[in-house]
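Data block below; observations after.
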Amino acid sequence: MSVAETLETGAEARAGTGRWRKLLVVTLGPIAAALMTSGLILLLFGINPLTYYGFVLQRGLLSGLGLEQTLTRMAPLLFLAAGLIVAFRAGIWNLGVDGQFLLGAVAAAALAPLMILWAPGWLTLLAGFALAGAVGALWSVLPALLRAYQGVNEIITTLMMTFLGVSLANVLVKLIFLDPGTTVPQTRTLPVADRLPRLFDTSISSGLILGLIAVLAVHVMMTRTAFGLKLRTVGANPHAAAHAGLSVPRLTMAVFALSAGFAGLAGAVDILGVQGNVRADWNPAFGLMVIPLVFLARFHGVGSIILIFFYSALLIGAESAARRVGVPQDFTLVLVANLLIFLGLAEYLDHRRKRTEG
Amino acid sequence: MRDLARSDHPLPAKGADAVGLVNVTKRFPGVVAVDDVSLTVRAGEVHVLLGENGAGKSTIVGMLAGLQEPDNGHLTVGGGRVRLTSPSGSLEAGISTVFQHGMLVPTLTVFENLVLGDTWWHRPPRALVERRIAELQRDFGLDVPLDALTGELSLGQQQQIEIARALLRDSTVLILDEATSMLTPAGADELGARMRLLAGRGLAVIFITHKLSEAYRFGDRISVLKQGQFAGEIPPEELRGQTEVDAVEHMVRLMFGTGSAAPASRRATRAPGPVRLAVDALRTEGGAEVLALRDISLEVREGEVLGVAGIDGNGQKQLAEALAGQRPITQGSVLLDGTDLGRASVAERRRRGLRYLTDDRLSEGSVGAFPVSENTVLKEIGAPPFWTAGFERPGRIAAHARDLISTYAVRTPGEATPIGHLSGGNIQKVLLGRELTGDARVVVFNKPTYGLDMQNITASRKRMREIAEDGRAVLLISTDLDELIELADRIAVIVEGRIRGTLDNDGSGEMRLRIGRLMVGDLEAAS
Numbered sequence: 618m619s620v621a622e623t624l625e626t627g628a629e630a631r632a633g634t635g636r637w638r639k640l641l642v643v644t645l646g647p648i649a650a651a652l653m654t655s656g657l658i659l660l661l662f663g664i665n666p667l668t669y670y671g672f673v674l675q676r677g678l679l680s681g682l683g684l685e686q687t688l689t690r691m692a693p694l695l696f697l698a699a700g701l702i703v704a705f706r707a708g709i710w711n712l713g714v715d716g717q718f719l720l721g722a723v724a725a726a727a728l729a730p731l732m733i734l735w736a737p738g739w740l741t742l743l744a745g746f747a748l749a750g751a752v753g754a755l756w757s758v759l760p761a762l763l764r765a766y767q768g769v770n771e772i773i774t775t776l777m778m779t780f781l782g783v784s785l786a787n788v789l790v791k792l793i794f795l796d797p798g799t800t801v802p803q804t805r806t807l808p809v810a811d812r813l814p815r816l817f818d819t820s821i822s823s824g825l826i827l828g829l830i831a832v833l834a835v836h837v838m839m840t841r842t843a844f845g846l847k848l849r850t851v852g853a854n855p856h857a858a859a860h861a862g863l864s865v866p867r868l869t870m871a872v873f874a875l876s877a878g879f880a881g882l883a884g885a886v887d888i889l890g891v892q893g894n895v896r897a898d899w900n901p902a903f904g905l906m907v908i909p910l911v912f913l914a915r916f917h918g919v920g921s922i923i924l925i926f927f928y929s930a931l932l933i934g935a936e937s938a939a940r941r942v943g944v945p946q947d948f949t950l951v952l953v954a955n956l957l958i959f960l961g962l963a964e965y966l967d968h969r970r971k972r973t974e975g
Numbered sequence: 022m023r024d025l026a027r028s029d030h031p032l033p034a035k036g037a038d039a040v041g042l043v044n045v046t047k048r049f050p051g052v053v054a055v056d057d058v059s060l061t062v063r064a065g066e067v068h069v070l071l072g073e074n075g076a077g078k079s080t081i082v083g084m085l086a087g088l089q090e091p092d093n094g095h096l097t098v099g100g101g102r103v104r105l106t107s108p109s110g111s112l113e114a115g116i117s118t119v120f121q122h123g124m125l126v127p128t129l130t131v132f133e134n135l136v137l138g139d140t141w142w143h144r145p146p147r148a149l150v151e152r153r154i155a156e157l158q159r160d161f162g163l164d165v166p167l168d169a170l171t172g173e174l175s176l177g178q179q180q181q182i183e184i185a186r187a188l189l190r191d192s193t194v195l196i197l198d199e200a201t202s203m204l205t206p207a208g209a210d211e212l213g214a215r216m217r218l219l220a221g222r223g224l225a226v227i228f229i230t231h232k233l234s235e236a237y238r239f240g241d242r243i244s245v246l247k248q249g250q251f252a253g254e255i256p257p258e259e260l261r262g263q264t265e266v267d268a269v270e271h272m273v274r275l276m277f278g279t280g281s282a283a284p285a286s287r288r289a290t291r292a293p294g295p296v297r298l299a300v301d302a303l304r305t306e307g308g309a310e311v312l313a314l315r316d317i318s319l320e321v322r323e324g325e326v327l328g329v330a331g332i333d334g335n336g337q338k339q340l341a342e343a344l345a346g347q348r349p350i351t352q353g354s355v356l357l358d359g360t361d362l363g364r365a366s367v368a369e370r371r372r373r374g375l376r377y378l379t380d381d382r383l384s385e386g387s388v389g390a391f392p393v394s395e396n397t398v399l400k401e402i403g404a405p406p407f408w409t410a411g412f413e414r415p416g417r418i419a420a421h422a423r424d425l426i427s428t429y430a431v432r433t434p435g436e437a438t439p440i441g442h443l444s445g446g447n448i449q450k451v452l453l454g455r456e457l458t459g460d461a462r463v464v465v466f467n468k469p470t471y472g473l474d475m476q477n478i479t480a481s482r483k484r485m486r487e488i489a490e491d492g493r494a495v496l497l498i499s500t501d502l503d504e505l506i507e508l509a510d511r512i513a514v515i516v517e518g519r520i521r522g523t524l525d526n527d528g529s530g531e532m533r534l535r536i537g538r539l540m541v542g543d544l545e546a547a548s
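Given below as structure tokens:
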């Protein structure tokens, strides 16, 4: 056996313990560091971080109503994660999910309240989802074409399209789909009774179930099916994909359509499940929050679900902590920013360790 | 501005040692790129380095440019032993290299490119540069429009700017790596005349080329490298005494002649069967960076190995891709067992038995991050038995991979190991196994042993023989003449996208010379 091969087998043997180490170093490590640094920032403002985190935990996870809100909030985030997993695993950096989300939401809000007047509820919901998915996908056609046939970097084009998409959504709400019955600029409202059903006796929207199905289905598709392997091959090595006879441009188009379609569905699930309408200037920018989570989960479906659950709890908890402790709600952004910094740092250190070892 | 300030830098006396290699050896994993080579380049001479692909020319250039360091032996500059540990160290020692693919920043102006790399806290000395450029324009006819945007200039002009940059730095040694390959014949002549002028001023010029007539016309001294070793030299006295025809013949003999008889292990030619693959007047589209194929016609019969010889970059890759369906053809036809493949897709061609083993194992043949098992079925994604109803059958794929691993003696910890962790030779075995899975009828090999170690080369060649003996047809594209002479029944020589001639391989020592003459463009030898 040559030296190189001995090293290879050695590396293989280490992989078992390495996986746990890696989880500790590149996943849990940054989370702990981000919590601590954010805590220090709170201390600087004279707030006891333990009180703050305690409230977040209490309100977001431990109280019944808080937990229900947390679970309901997960639905759109899960759909966004599904779209991002498809794209990222296929090597396409669709950063325009917010625009796709918002246009999907507006489409659903424009259609459902009018359609419910003559169509049955289930059909209205179905149509709302379908239209939102299609509109989301449509908003990615331009970046997709540019990427697939001209090689234009999709990071830039999708980001640009998201700015346009957000503005367009606003224009649509204010000028076209405006509810004539109110003075507030917003779309017509889908009555609460016609929204997605709630789960059992709780206030949890069944959108949660749909979101979980979406993420798991995408995970299975990407890891277990021929189509998923084709997409992954295109993402990992487009030259090899072309060599193996795959149509790289067509598969690229498909990735964009799926990814943006899921972002559109995320909009629909939020509108048809929770909000009921779209108010002017509404832009929760969920997408930009979910991107780091999906990264942190290494594009893994189950990992993403777990992280989204905690993030969702953080969002809900922070909302009430903001009122009780006086920390602005946007403090979650500080926390997430810290998380990203430590995530990048851990990734860098891990990479360096690998280089020095191998 | 240390360099630009010394405008009257004295050059060494003509004939003095400018730069040299002393018993230099450089190894890369699995190959000895340069094997105990000694040579001296003298001031005032144009020293031509000749050699086939893999002869070691680029490695020598790399060492002189400070990109690599010798494993054994050492370099000399001005007669004294030196270490060139970095590109800036090489520049400091007075060696400037003009690489085949320009090293200018296209978005900067010519002036900015010229002063790039100078001490950053100084204001660029515009007046001084203007004065010196005017001198260069006068002395060497260099055309240097200082305010032009570099990217908008022709390749020839960009090359002049690189030469001007070398002269501004008062280099004593100028290396021109394949400098004429991007130029028109007139541009090449102009460059040749300029090289002569520079040498006349006392510079040592190292000129690397494939074109023997250029070597004769522009060079003072010609050194020939073969498989990493120094194969011989034609000194100035001798070169001047020869006619071009004699000199070219001399160079061909140094480059390709082995003097030895046929390799003992040469594959015996059998009576070939019916035509399996027929290519007729094939053309592909060319472009700025890709050579077009023009009227390629060839036939490969059952049980036959047709070799395609040529210097790298003469259309071999395009030929392989056109056959495999990866590159659209604009004219002509490809017939497999008598049926026109027309516009059949890559997958369709593979199904019909036309297989292509790419020369680019890492970035085209395999997906490094994927396990060996997935790589073995990469060309059949979705097909039964490895997928049913679109769902992967991991057990079947793993079993297939384990089979392939044992049949082809792939050394890997297991089928789940990412293929990128394997050595080049083992990746090659996996790819070969993949191409031979199922009903392979015609196999196109593109440089199948390139970069492999001796043991894997022997194993690969044995495989190719077996494939032909099994009654399949083999198209073997290679830059290694010994490999072609060992394996091929006939050898076609490709030059600039055309088949220059096809020779029956008799395995004699003369074969190398005959192929070599065709490769370097001596048309008469084709008869």
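Taken in order, these protein sequences are the chains called A and B. Residue numbers for the first sequence follow this note's numbering, beginning at 618 and rising by one. Residue numbers for the second sequence follow this note's numbering, beginning at 22 and rising by one. Ideal Cβ positions, reconstructed from N, Cα and C, are used throughout, including at glycine.
Any C-beta of chain D under 8 Å from that of B:Gln-347: Checking the listed chains, one finds no chain D in this structure; the protein chains it contains are A and B.
Validate contact between the region 717-724 of chain A and the region 841-852 of chain A using beta carbons, cut 8 Å, 3 pairs: no
Which of helix, strand or coil DSSP assigns to A:Ala-902: Position 285 of the first sequence holds residue 902 of chain A. Three-state DSSP puts A:Ala-902 in coil, outside helix and strand.
Rounded C-alpha distance that separates B:Gly-492 from B:Arg-376: Translated into positions along the second sequence, residue 492 of chain B becomes position 471. Translated into positions along the second sequence, residue 376 of chain B becomes position 355. Cα to Cα, the separation comes out at about 15 Å.
A:Ile-922, buried or exposed, once every other Cβ within 10 Å from all chains shown has been counted against 16: For the purposes of this step, residue 922 of chain A is identified with residue 305 of the first sequence, where counting begins at 1. Buried, since its Cβ has 16 or more Cβ neighbours within 10 Å.
Beta carbon proximity, A:Phe-844 to chain B, threshold 8 Å: Taking the first residue of the first sequence as position 1, residue 844 of chain A is located at position 227. Yes, its Cβ sits closer than 8 Å to a Cβ of chain B.
Those residues which DSSP pairs with B:Glu-320 across a bridge: Start at 1 with the first residue of the second sequence, and residue 320 of chain B comes out as number 299. B:Glu-320 pairs with B:Ala-299.
Cβ of A:Arg-706 within 8 Å of any chain B Cβ: Walking along the first sequence from the start, residue 706 of chain A turns up at place 89. Judged by the 8 Å Cβ criterion, A:Arg-706 is not in contact with chain B.
Alpha-carbon to alpha-carbon, B:Tyr-429 and B:Asn-396: Along the second sequence, read from residue 1 onward, the residue named residue 396 of chain B stands at position 375. Along the second sequence, read from residue 1 onward, the residue named residue 429 of chain B stands at position 408. Approximately 15 Å, taken between the alpha carbons.
Under 8 Å by beta carbon: chain B residues contacting A:Thr-850: Taking the first sequence and counting its residues from 1, one reaches residue 850 of chain A at position 233. Going along chain B in sequence order, the residues near A:Thr-850 (Cβ under 8 Å) are Val-388, Phe-391, Leu-399, Ile-402.
The region 32-41 of chain B / the region 57-65 of chain B touching (three or more Cβ pairs under 8 Å): yes
8 Å Cβ cutoff, B:Thr-128 in contact with chain A: Numbered from 1 along the second sequence, position 107 holds the residue referred to as residue 128 of chain B. No, because no Cβ of chain A sits closer than 8 Å to the Cβ of B:Thr-128.
Own chain residues within Cβ distance below 8 Å of A:Val-769, not counting five before or after: As a first step, residue 769 of chain A is located in the first sequence; it is residue number 152 there, counting from the start. Closer than 8 Å at Cβ, skipping near neighbours: Pro-760, Leu-763.
Of the residues A:Ala-765, A:Tyr-669, A:Tyr-928, A:Ala-751, the one placed nearest A:Leu-868, counting alpha carbons only: Along the first sequence, one-based indexing puts residue 868 of chain A at 251. A:Leu-868 has its Cα closest to that of A:Ala-765, out of A:Ala-765, A:Tyr-669, A:Tyr-928, A:Ala-751.
Cutoff 8 Å: A:Arg-969 Cβ touching any chain B Cβ: As a working note, residue 969 of chain A is residue 352 in the first sequence. It does not: the Cβ of A:Arg-969 has no partner Cβ on chain B nearer than 8 Å.
Span of the alpha helix (DSSP H) around A:Ile-648: Reading the first sequence from its first residue, position 31 is the one you call residue 648 of chain A. Where A:Ile-648 is concerned, the enclosing alpha helix (DSSP H) stretches over 646-661.
Distance between B:Ser-366 and B:Met-532 (C-alpha atoms, nearest Å): As a first step, residue 532 of chain B must be located in the second sequence, where it is residue number 511. As a first step, residue 366 of chain B must be located in the second sequence, where it is residue number 345. Cα to Cα, B:Met-532 sits roughly 37 Å from B:Ser-366.
Where B:Ser-366 meets chain A, residues with beta-carbon distance less than 7 Å: Position 345 of the second sequence holds residue 366 of chain B. For B:Ser-366, the C-beta contacts it makes with chain A under 7 Å involve Gly-862, in order along the chain.
Helix, strand or coil at B:Lys-35 according to DSSP, with G and I counted as helix: Working through the second sequence from its first residue, we reach residue 35 of chain B at position 14. Of the three classes helix, strand and coil, the one that applies to B:Lys-35 here is coil, per DSSP.
Any chain A beta carbon closer than 8 Å to B:Ser-427: Taking the first residue of the second sequence as position 1, residue 427 of chain B is located at position 406. Chain A contact via Cβ: absent.
CB contact below 8 Å: A:Ala-853 versus chain B: Here the question's residue 853 of chain A lines up with position 236 in the first sequence. A:Ala-853 has a beta carbon lying within less than 8 Å of a beta carbon in chain B.
Cross-chain neighbours of B:Arg-371 in chain A, by beta carbon under 8 Å: Here residue 371 of chain B refers to the residue found at position 350 when the second sequence is read from its first residue. The answer, in chain order, is Gly-862.
Proximity winner among B:Asp-191, B:Arg-153, B:Val-150, relative to B:Leu-112 (alpha-carbon distances): Residue 112 of chain B sits at position 91 when you count from the first residue of the second sequence. Of the listed residues, the one whose Cα sits closest to B:Leu-112 is B:Asp-191.
Cutoff 8 Å: B:Thr-479 Cβ touching any chain A Cβ: Residue numbering aside, residue 479 of chain B sits at position 458 when the second sequence is read from its first letter. False, the Cβ-Cβ gap to chain A never drops below 8 Å.
Which of helix, strand or coil DSSP assigns to B:Leu-167: Residue mapping note: residue 167 of chain B aligns to position 146 of the second sequence, counting from 1. Coil.
Beta-carbon proximity of A:Ala-914 to A:Leu-924, cut-off 8 Å: As a working note, residue 914 of chain A is residue 297 in the first sequence. As a working note, residue 924 of chain A is residue 307 in the first sequence. Contact flag set, yes.
Rounded straight-line distance, which links the Cα of A:Leu-932 to that of A:Pro-666: Your numbering for residue 666 of chain A matches position 49 in the first sequence. Your numbering for residue 932 of chain A matches position 315 in the first sequence. C-alpha separation (whole angstroms): 16 Å.
Cβ shell of B:Ala-76 (< 6 Å), same chain only, five flanking positions each side left out: In the second sequence, the residue the question calls residue 76 of chain B occupies position 55. Around B:Ala-76: Leu-246, Lys-247.
The region 672-689 of chain A contacting the region 852-866 of chain A, beta-carbon criterion three pairs below 8 Å: no
Coil, strand or helix - B:Pro-256 by DSSP: Indexing the second sequence from 1 puts residue 256 of chain B at position 235. Note: B:Pro-256 maps to coil in three-state DSSP.
B:Glu-16, DSSP secondary structure in three states: With chain B covering only 22 through 548, there is no way to say anything about residue 16 of chain B.
Any C-beta of chain B under 8 Å from that of A:Ala-874: Residue mapping note: residue 874 of chain A aligns to position 257 of the first sequence, counting from 1. Not one chain B Cβ lies under 8 Å of A:Ala-874.
Candidates B:Ile-332, B:Asp-501, B:Arg-297, of which the one nearest B:Leu-319 by Cα: Locating residue 319 of chain B in the second sequence gives position 298, counting from the first residue. Considering only alpha carbons, the answer is B:Arg-297.
Range of the contiguous alpha helix (DSSP H) that encloses B:Lys-247: Reading the second sequence from its first residue, position 226 is the one you call residue 247 of chain B. Taken as a continuous stretch (DSSP letters only), B:Lys-247 belongs to no alpha helix (DSSP H), being part of the beta strand (DSSP E) at 242-247.
Nearest neighbour of B:Ala-252, chosen from B:Val-495, B:Val-465, B:Asp-57, B:Glu-487 [CA to CA]: Position 231 of the second sequence, counting from 1, holds the residue named residue 252 of chain B. Considering only alpha carbons, the answer is B:Asp-57.
First and last residue of the uninterrupted alpha helix (DSSP H) at B:Ile-182: Residue 182 of chain B sits at position 161 when you count from the first residue of the second sequence. B:Ile-182 -> alpha helix (DSSP H) spans 176-189.
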